[in-house]
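Numbering (the working numbering), first residue to last: 1162 to 1356.
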């Protein structure tokens, strides 16, 4: 595999770039940065052995954030074609699961990083993920797993309702930024998550 040497403060890629490779940190460290409300925000630090940049090559979307060396760094370049070749040999349903997971991560990422955030936003994200898991369990061929998951999921749904009641009317110091319409998981008819 190709290695890439990156000097401190140099960008490997910038937010919005097209993705042609993922990277593994061999030596050094990379900051994953995003412009939020006009300021650069560090979302993560990737150190030796960590991978970054994979989402853009899995779904073909532009980079969600930039990657900048915070010290002189050596990267192992994992080209798009190498990952596509591996995925191409996998079961088609597995490829679909990867795409859905990447899209869900992007949706949650976009929703989560907006400022300001409120307790209601966090509760909406829990509900979104619980509903996603419930929809997945409805479609899995492993019916025993789906049945085993049903009771804990009902418990989570019940606890979530309790939390919503607890925070109902709470004057949060941060305003909500998530609208329910943005949480686009198809809802089951006449059922709450986990039922």
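A virtual CB, placed ideally from N, CA and C, is assigned to each residue, including glycine.
Rounded to whole angstroms, the Cβ separation of residue 1189 and residue 1228 is 12 Å, and the two are not in contact under 8 Å. Straight-line measurement puts the Cα of residue 1247 at about 21 Å from the Cα of residue 1224.
Under the three-state reduction of DSSP, residue 1281 is assigned to helix. Residue range 1241–1249 is occupied by the alpha helix (DSSP H) that includes residue 1241.
In this structure, the straight-line span from the alpha carbon of residue 1212 to that of residue 1164 is close to 14 Å. Rounded to whole angstroms, residue 1299 and residue 1292 show a C-alpha spacing of 11 Å. Where residue 1332 is concerned, there is no enclosing alpha helix (DSSP H), because DSSP gives it neither an H nor an E. Going by C-alpha positions, residue 1285 is about 42 Å away from residue 1162.
Exclusion of the five residues before and after residue 1175 leaves 1224, 1227 as the residues of its chain whose Cβ lies within less than 8 Å of its Cβ. Looking at the DSSP output, residue 1191 sits in a beta bridge with 1207, 1230.
When secondary structure is reduced to three states using DSSP, residue 1200 falls in the strand class. The three-state secondary structure of residue 1224, taken from DSSP, is coil. Listed in chain order, the non-local C-beta contacts of residue 1215 below 6 Å within the same chain comprise 1183, local neighbours out to five positions each way being set aside. Take the alpha-carbon of residue 1288 and the one of residue 1250: they are about 34 Å apart.
For the options 1245, 1315, 1324, 1312, the alpha carbon positioned closest to that of residue 1218 is the one of 1245. Bounds of any beta strand (DSSP E) do not take in residue 1175, whose DSSP letter is neither H nor E. In this structure, the straight-line span from the alpha carbon of residue 1237 to that of residue 1200 is close to 29 Å.
When the alpha-carbon of residue 1295 is set against those of 1305, 1314, 1304, the nearest one is in 1314.
Contact annotation, residue 1257 with residue 1166: C-beta distance approximately 37 Å; criterion of less than 8 Å not satisfied.
For residue 1301, the secondary structure class from DSSP, reduced to helix, strand or coil, is coil.
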